[in-house]
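All letters in the sequence shown, in the order written, are residues 1 to 71 by full-length UniProt numbering.
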Amino acid sequence: MKQSRAMSLVEAVVNVAIGYGFAVVTQILVFPIFGLHTTLAQNLKMGAVFTVVSIARSYVLRRLFEAIRVR
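So, in structure tokens, the structure goes:
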């Protein structure tokens, strides 16, 4: 059975939210290992930037592969 558009949207939103959370937690744990000390607010902002970049990358790659498939 095919996934509905609504469930596809829910899956995408949950995926992005979980990815954002993982990014922020990873930054909090890894940055100090490299001598980088940031505030929670800075980590949240950087996580948001990485999330936007990730969404854009995923979109571009999906469109590219769809163009290849159509050829």
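Glycine included, C-beta positions come from ideal geometry on N, C-alpha and C.
Run of the alpha helix (DSSP H) containing serine 54, from where it starts to where it stops:
40-70
Quiz item: Which same chain residues, not among the five before or five after alanine 23, have their C-beta less than 7 Å away from its C-beta?
Solution: Gly47, Phe50 and Thr51
ask   = Mind checking whether serine 54 and glycine 19 have CB atoms under 8 Å apart?
value = yes
**Request:** Kindly indicate which three-state DSSP category glycine 19 falls into: helix, strand or coil?
**Result:** helix
Under 8 Å between C-beta atoms of asparagine 15 and glutamine 27: no
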